[in-house]
Amino acid sequence: MVKIDPSEITPEHVYMSRRRFIKSMGALVAGSLALAACGTGSQGAGAPPTVQPASSPVAIPSVSGLPPLIGGSDERGAKLTPFEAVTNYNNYYEFTTRKEGVAKLSQGFKTSPWKVEVGGLVQKPKTFDIDDLLGFEQEERIYRLRCVEAWSMVIPWVGFPLAKLLKEVEPVSQAKYVRFETLYDPEQLPGQKSSFYQWPYVEGLRLDEAMNDLAILATGLYGKALLPQSGAPVRLVVPWKYGFKSIKSIVKIDLVEEMPVSLWMAAAPSEYGFYASVNPEVPHPRWSQGTERRIGETQRIKTLLFNGYAEEVSNLYQPPDSREWYY
Amino acid sequence: MVLLGWLKKRWLQVLVHAGVWLTLARTLWQYWQGMFLVDPVREITTRTGRTALILLVLSLACTPINTVVGFKQVLRVRRALGVYAFLYASLHFLTFVGLDYGFDLSLIGQVISEQRYVIAGFAAGVILLLLTITSTKGWQKRLGKNWKRLHRLVYLAGILVVVHFVWLSKDWREAARYGAVVAVLLALRLPWVRTALTRGRHRVAMVISGRMRHLISPR
Chain C
385 MVKIDPSEIT PEHVYMSRRR FIKSMGALVA GSLALAACGT GSQGAGAPPT
435 VQPASSPVAI PSVSGLPPLI GGSDERGAKL TPFEAVTNYN NYYEFTTRKE
485 GVAKLSQGFK TSPWKVEVGG LVQKPKTFDI DDLLGFEQEE RIYRLRCVEA
535 WSMVIPWVGF PLAKLLKEVE PVSQAKYVRF ETLYDPEQLP GQKSSFYQWP
585 YVEGLRLDEA MNDLAILATG LYGKALLPQS GAPVRLVVPW KYGFKSIKSI
635 VKIDLVEEMP VSLWMAAAPS EYGFYASVNP EVPHPRWSQG TERRIGETQR
685 IKTLLFNGYA EEVSNLYQPP DSREWYY
Chain A
3 MVLLGWLKKR WLQVLVHAGV WLTLARTLWQ YWQGMFLVDP VREITTRTGR
53 TALILLVLSL ACTPINTVVG FKQVLRVRRA LGVYAFLYAS LHFLTFVGLD
103 YGFDLSLIGQ VISEQRYVIA GFAAGVILLL LTITSTKGWQ KRLGKNWKRL
153 HRLVYLAGIL VVVHFVWLSK DWREAARYGA VVAVLLALRL PWVRTALTRG
203 RHRVAMVISG RMRHLISPR
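As they're listed, the protein sequences go chains C and A. With this note's numbering applied, the first sequence has no gaps in its numbers, which climb one by one up to 711 at the end. With this note's numbering applied, the second sequence has no gaps in its numbers, which climb one by one up to 221 at the end.
Here it is in structure tokens:
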């Protein structure tokens, strides 16, 4: 049923242009983190109910002669989603279920100090603070983000491969899965006061998925530190899976033996599975996944198998046509 | 003075008609101003759909409001609310077929087979179309007793719209709230509930008028 068209296989030179190494990124992101903290502090609670003023993105230092980022595109030629759209249209139920409301409600969210505890079945458990995370070489990755609600964006993330962090803590041989957890703080995250969902938000990956080079921990987008509505200060990005897998504002990463139960698996077990890879031919039980609306465009576009990353990840899923991988 | 007297009798009708058209004008204005920044198609779809549902719920509320508090004026806006619900439902449908799917029939066919909520919503729309066409005095006469029977289909439309909303929602809490309201409005129509309510209302009215008499007439 699931087959990969030759047209879906990305030539290596195109694939390689997806990323740009930004050696000085760490310092840049740290700088804008400080700026972001000042900004949220001075805004106050009585800010008018307007769309977030989006300051123009900081230019990315161009490396190896690549074209400038602004007005750029992904390796398939799709245009980047404007910064204003990326930062004003967010699914972050800990703040509100209204996508347009998250930006304003998340303004005062405290992202510093922040610690990410990495442990479980590892040789060297370690707690990382933001400076530790920014110590990993930061790269820019332009990825498509496909929401399970059938809309999508193209986002230039800044971050580093999750594999690098996992290698540092040395998983032991029993470790089969990685379990991620969002901050639990109902005072700051008012959505958590409702027991409709089993907070905190939990997500997971199989260890080999987590080690895949496409899986990154993002600390920024458009060359700036993440804003709270995008999952600041650090979030997962797994572009071949539906957006809900890319858990935000991570405080805990555990290596475990059993498959973790994610928040969505617990909320609706018949509708959301563990793997949730994008596949246009496997509809959600209640809606189609065949097409998507790219934010900023009116015409619907066809959804791609593994969100267009089949070449990089399809080998992780055997046999390839099992429904288990795609919901 | 004439105007004031007229307004006094018809203020609710004025409110309903003005409210519906001003809401539509506001939406068009906001769209024109580019206020639906990020996903205009989704914004228009959800707005028209939600407004249609609210109007349908208000229309379904008219009869119980009269039963419970004896406010007869609501019966005069019941039909208008229902017809406006259909108007918004048509805008909602056109947005879905035209703006969202660009009248691409093969795409719409696939979507219908994979999204059962489309069928529930479409069925509700067909009912509202039928009821709008037959909402005139002429049709009322022509159909006689059957008119009332036919127009009871609006209860089914109410249920179908809630089902449509629940099925399409990732987080179904809002849809469930509308569902609870529709359930109450339908329950208030059950014959025994209705009789009990009417009796209760008369009793309350008697008690109140009794007290008034007691207050007015000196002992």
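Note that the Cβ used here is the ideal one computed from N, Cα and C, for glycine as well. In this text, all values refer to a predicted model and were calculated from it rather than measured experimentally.
When Cβ-Cβ separations below 8 Å define contact, residue 40/A makes contact with chain C. By the criterion of a C-beta distance shorter than 7 Å, residue 633/C is surrounded in its chain by 566, 567, 615, 616, 619, once the five residues flanking it on both sides are discounted.
Per DSSP, reduced to three states, the secondary structure at residue 3/A is coil, with no helix or strand assignment.
Within the stretch 602-616 of chain C, not one residue has a Cβ closer than 8 Å to any Cβ of chain A. Neighbours of residue 8/A in chain C, taken as residues whose beta carbon is under 8 Å from its own, are absent, since the nearest beta carbon is some 38 Å off. In the three-state reduction of the DSSP assignment, residue 495/C falls in the coil class. It is roughly 5 Å from the alpha-carbon of residue 507/C to the alpha-carbon of residue 554/C.
Proximity of residue 33/A to chain C, defined by a Cβ-Cβ separation below 8 Å, is not satisfied. At least 8 Å separates the CB of residue 180/A from every CB of chain C.
Burial check for residue 108/A: the Cβ neighbour count within 10 Å stays below 16, so the residue is exposed.
The DSSP-derived three-state label of residue 620/C is strand.
Using beta-carbon distances, residue 43/A counts as an interface residue toward chain C, with a partner under 8 Å. Interface annotation for the stretch 652-682 of chain C against chain A: 667, 670, 671, 672, 674, 675, 677, 679, 682, criterion Cβ-Cβ distance under 7 Å.
Ranked by Cα distance from residue 690/C, the first of 673/C, 648/C, 541/C is 673/C. When secondary structure is reduced to three states using DSSP, residue 602/C falls in the strand class. In this structure, the beta-carbon distance from residue 15/A to residue 70/A does not fall below 8 Å. Residue environment analysis places residue 138/A among the exposed positions, since fewer than 16 neighbouring C-beta atoms fall within 10 angstroms of its C-beta. A Cβ of chain A is located within less than 8 Å of the beta carbon of residue 472/C. In the displayed model, residue 541/C falls within a strand according to three-state DSSP. Boundaries of the beta strand (DSSP E) around residue 638/C: 634-640.
Think of a sphere of 7 Å around the beta carbon of residue 113/A: the chain C residues whose beta carbon falls inside it are 672, in chain order. Here the C-alpha atom of residue 193/A lies approximately 17 Å from the C-alpha atom of residue 156/A. With fewer than three CB-CB distances shorter than 8 Å, the stretch 463-473 of chain C does not count as touching the stretch 541-550 of chain C. DSSP places residue 512/C in the strand class (E or B) of the three-state scheme. The Cβ of residue 100/A sits no closer than 8 Å to any Cβ of chain C.
CA-CA distance, residue 74/A to residue 43/A, rounds to 40 Å. For the pair residue 626/C and residue 662/C, the CB atoms are nearer than the 8 Å cut-off. C-alpha of residue 708/C to C-alpha of residue 186/A: approximately 41 Å in a straight line.
Among the CB atoms of chain C, none fall inside 8 Å of the CB of residue 51/A. At least one C-beta of chain C is nearer than 8 Å to the C-beta of residue 104/A. For residue 676/C, the enclosing beta strand (DSSP E) begins and ends at 675-678. In the DSSP annotation of this structure, the continuous segment of the beta strand (DSSP E) that includes residue 529/C starts and ends at 523-530.
With respect to chain C, the C-beta atom of residue 28/A has no partner C-beta closer than 8 Å. Under the Cβ criterion of 8 Å, residue 93/A is not counted among the residues facing chain C. Taking a Cβ-Cβ cut-off of 7 Å, residue 528/C has no neighbours in chain A, whose nearest Cβ is about 16 Å from it. Residue-level contact check: residue 707/C does not touch chain A, since none of the beta carbons of chain A fall below 8 Å from its beta carbon.
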